[in-house]
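Enquirer:
Residue numbers (this note's numbering), protein chains in the order written: chain D, 1 to 351; chain G, 1 to 351.
1. When the Cα atoms are used, what is the spatial distance from residue 240 of chain D to residue 211 of chain G?
2. Could you name the residues of the same chain whose beta carbon sits closer than 6 Å to that of residue 54 of chain D, not counting the 5 residues immediately before and after it, in chain order?
3. Near residue 281 of chain D, what residues of its chain come up, given a Cβ to Cβ distance below 8 Å and the 5 sequence neighbours on each side ignored?
4. With three or more beta-carbon pairs closer than 8 Å as the criterion, would you say the segment 256-273 of chain G touches the segment 200-210 of chain G?
5. Name the DSSP bridge partner or partners of residue 261 of chain D?
6. Can you give me, in chain order, the residues of the segment 163-193 of chain G that have a beta carbon less than 7 Å from any beta carbon in chain D?
7. Using the C-alpha atoms, what's the distance from residue 337 of chain G back to residue 45 of chain G?
8. Does the beta carbon of residue 332 of chain G fall short of 7 Å from some heavy atom of the ligand ADP?
9. Across the segment 114-128 of chain D and the segment 172-188 of chain D, are there enough close Cβ pairs to call them in contact, namely three or more that are closer than 8 Å?
10. Output, in chain order, the set of chain D residues within a Cβ distance shorter than 7 Å of residue 240 of chain G.
11. Are the CB atoms of residue 286 of chain G and residue 294 of chain G within a distance shorter than 8 Å?
12. Going along the chain, which unbroken runs of the alpha helix (DSSP H) with 4 or more residues stay wholly within the segment 121-195 of chain G?
13. Locate the alpha helix (DSSP H) running through residue 64 of chain D, then write down its first and last residues.
14. How big is the Cα-Cα spacing for residue 130 of chain G and residue 155 of chain G?
15. Counting only beta-carbon separations shorter than 8 Å, does residue 110 of chain D have a partner in chain G?
16. Could you pull out every residue in the same chain whose Cβ sits closer than 6 Å to the Cβ of residue 14 of chain D, ignoring the five residues on either side in sequence?
17. For residue 106 of chain D, which residues does DSSP report across the bridge?
18. Using a Cβ-Cβ cut-off of 7 Å (strictly less than) and excluding sequence neighbours within five positions of residue 94 of chain D, which residues of its own chain qualify?
19. Quick check: what's the CA-CA separation for residue 299 of chain D versus residue 91 of chain D?
20. What residues in its chain sit with their C-beta under 6 Å from that of residue 290 of chain G, if we drop five residues either side in the sequence?
21. One question on the structure: do residue 253 of chain D and residue 20 of chain D come within less than 8 Å of each other, judged by their Cβ atoms?
22. Taking all protein chains shown into account, do 16 or more other C-beta atoms lie within 10 angstroms of the C-beta of residue 229 of chain G, making it buried, or fewer, making it exposed?
23. Spell out whether any CB of chain G is found under 8 Å from the CB atom of residue 233 of chain D.
24. On the DSSP letters alone, give me the boundaries of the alpha helix (DSSP H) that residue 355 of chain D sits inside.
25. Along chain D, in chain order, which residues have C-beta atoms closer than 8 Å to that of residue 206 of chain G?
26. How would you write the range of the beta strand (DSSP E) that residue 348 of chain G sits in, first residue to last?
27. Mapping the DSSP letters down to three states, classify residue 118 of chain G as helix, strand or coil.
28. Do you know how far the Cα of residue 49 of chain D is from the Cα of residue 69 of chain D?
29. Contact check, residue 128 of chain G vs residue 158 of chain G under 8 Å by CB: the rounded distance?
30. For a contact defined as C-beta to C-beta under 7 Å, what are the partners of residue 326 of chain G on chain D?
31. Could you tell me which residues DSSP puts in a beta bridge with residue 31 of chain G?
32. When the cut-off is 8 Å and only beta carbons count, does residue 279 of chain D lie next to chain G?
33. Check whether the Cβ of residue 16 of chain D lies closer than 8 Å to any Cβ atom in chain G.
34. Please give the ranges of any alpha helix (DSSP H) in the segment 267-318 of chain D, keeping only runs that are unbroken, at least 4 residues long and fully inside the region.
35. Quick check: what's the CA-CA separation for residue 221 of chain G versus residue 242 of chain G?
36. Taking C-beta pairs closer than 7 Å, name the residues in chain G that residue 374 of chain D reaches, listed in chain order.
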């Protein structure tokens, strides 16, 4: 396959016009000396935090639903994503049957009651002593990422045993103070789930998890829907932390791509109005953000370069999960999104 | 006068060993090629926000008290400072009689009830239409700086008439939302009083005054006592905004330099315990910070260079108030602080 005179956007090498020859992998890239191009070629996107889309919910999806999930994500330009659970009885995790190469992000039940967000408080528990305990309920091979509140009992034991199994830890739904945040950061736990939502806020006498996210070199998930945080907040994160430390996620739920109305997130009823998902008490309950929109929003909010957009939409997340991807260089998987100048997706390649 | 082989610290030219010849002004500076020096020479400090020291309170000081005030500040290495009022009946301002060259910082009464801090709510009012109205109560020539909450009625009219009289506006004790903060910033009001205290907090869906302080190019006063904000918060401000946008202030009260006990701040009783000043309800009521300690704290909290310390302790404040000072270059006033390597003051020159 050959894509000629496209604006190649690589998160490391930057933007240049060239021609890409590829099959499964990128075989040859030839840089041309032109400034005109027919379309923009970006590494396909990675979404490590997505609960559902188009009526499909990770908690209830059948194998064929998961296959549709993959298909819908392909339309969004996402080639790799982690279907994400919500808090349920830990036994309930055993119902989830993933097909093929999909792996899970477990969000809860090991999170803070005070910062539970749209998670059912009845099922929240401290993490078990080690990850093997979890294997009673779920095939550990299916789990790639777990969001945990670091202030809970047994955090360090559990987190360490996750790391040994190549399961990545993300800190989230946490009421930790700055002292705890610094301690876990210094122990290598450097990822934060949907920053700054459901985290102890920045206070000037205790930076909390939000302040820690700014102050220390954490990598943070950002939901760039303009609802979870204001455009200026997203821009502030970009200005302070830089594009190297941001991972765009949708946190989207089954209502995504569907009309306003009543939906479920796990076993909690959610009402979607003007595309905004809330529990009955007004708590934000995930998003209806599409990844194809997230990249436009992020660029609009921050004025970032395309190179930086490739970092936050693909490369950083791939690196974070140790997946080979997110670049357009020879030898890498040929997973591309072709876009026009308005960042509308023209075609996704090789999904 | 001659100071030989001192480490000259200039906020622009940086640090180098040299010899300074001066009388009232700096006459000649000769750079030597040595690396050893006998002491550190910094521009003497500027404190634009200080209520009192050693039993003296701006609100009740006699002319001879103000002269002692100047003397005490000289020990602290401060050659220029603004005695600062607290909120009182606006008529009460007419009691303040300044000697010589001293000028005032009016903190209140034009501040927010919600963010009043240690100001008496009974006297809080919106600003008058113009600054001439104030001249009924106080000689405008005596006023250099006014802290105002920008969300109050008539802010723009008042602020504009202040600027015309060369009175600087600082935004403070404010509950303004981000929209207001942005609007006033865009209109040139770019200074914030004792950031982040007594300001609408950073929220991720409305940045508030604290978020605006981080996000926009405001210059902010910082009380580096480790009480008004944590060392990490001060370091966060330094990392985000850089030393160019920070002005160290003490916000210190009459109890400064005296023992723990009961004091007054304006007409509010203040209790000082372990050097921390609080109202009965626990609200922080100014500090007992000495400027000579503020510079040590800031360096410890941030690890800044001496050049940067000269910016935040003198040059920035001088520039902000349009005073010639804060530098060690030929032609500038010879106002110096001589320090040892632990930043203890050895001698203040030419006060």
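Just so you know, even glycine gets a beta-carbon here, dropped at the ideal spot from N, CA and C.
Expert: If we stick to the structure as given:
1. 12 Å
2. 72 and 257
3. None.
4. no
5. According to DSSP, residue 261 of chain D bridges with D:272.
6. When CB distances to chain D are screened at a threshold of 7 Å, the residues of the segment 163-193 of chain G falling below it are 178, in chain order.
7. 8 Å
8. Judged by which ligands are present, the structure shown has none, so any question about the ligand ADP falls away.
9. yes
10. 240
11. No, they are not a contact pair.
12. If only uninterrupted alpha helix (DSSP H) runs of at least 4 residues are considered, those enclosed by the segment 121-195 of chain G are 131-134, 155-164 and 178-186.
13. 63-75
14. If I take the Cα positions, the gap works out to 9 Å.
15. no
16. 307
17. D:146
18. 137 and 138
19. 41 Å
20. Contacts found: 76.
21. no
22. buried
23. yes
24. Outside the shown range of chain D, which is 1 to 351, sits residue 355 of chain D, and nothing can be said about it.
25. 230
26. 345-349
27. In the three-state DSSP reduction, residue 118 of chain G falls in the coil class, being neither helix nor strand.
28. 13 Å
29. 6 Å
30. Near residue 326 of chain G there are no residues of chain D at all, since even the closest Cβ is about 27 Å away, more than 7 Å.
31. Bridge partners of residue 31 of chain G: G:18.
32. no
33. no
34. 291-302 and 306-310
35. 13 Å
36. No information on residue 374 of chain D is available, as it lies outside the stretch 1 to 351 that chain D covers here.
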